[in-house]
Amino acid sequence: MCTPVHHQGCSCHHGSCGCMQSLTIEEEIVMLEAKKKRMQVMIDMTDRRIESLKKRA
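Residue numbers for the sequence shown follow the working numbering, beginning at 51 and rising by one.
Structural data, given as structure tokens:
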């Protein structure tokens, strides 16, 4: 989510930002919504996997 650009003394590493407080509320909401969507996709995939395994069991 984070650009590797150093701004306001912030450094980004390991794909996460060292300074969330520099985000505006709107930016944080957008980021969290995107995160939620990705997590939901993971959950859906996991559910489908469980269902296919149950059918085989």
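Note that beta-carbon positions come from the ideal geometry of N, C-alpha and C, so glycine has one too.
query = From residue 97 to residue 72, what does the alpha carbon distance come to, in whole angstroms?
reply = In the sequence shown, residue 97 corresponds to position 47, counting from 1. In the sequence shown, residue 72 corresponds to position 22, counting from 1. In this model, residue 97 and residue 72 are separated by some 36 Å (Cα to Cα).
query = Using DSSP with H/G/I as helix, E/B as strand and the rest coil, what is residue 84?
reply = Sequence index remark: in the sequence shown, residue 84 carries index 34 (1-based). In the structure shown, residue 84 sits in a helix (DSSP, three-state: H, G or I).
ask   = When you compare only the Cα positions, how much space is there between residue 101 and residue 83?
value = Position 51 of the sequence shown holds residue 101. Position 33 of the sequence shown holds residue 83. C-alpha separation (whole angstroms): 27 Å.
key: Secondary structure of residue 74, DSSP reduced to three states   = Taking the sequence shown and counting its residues from 1, one reaches residue 74 at position 24. Here residue 74 sits in coil by DSSP.
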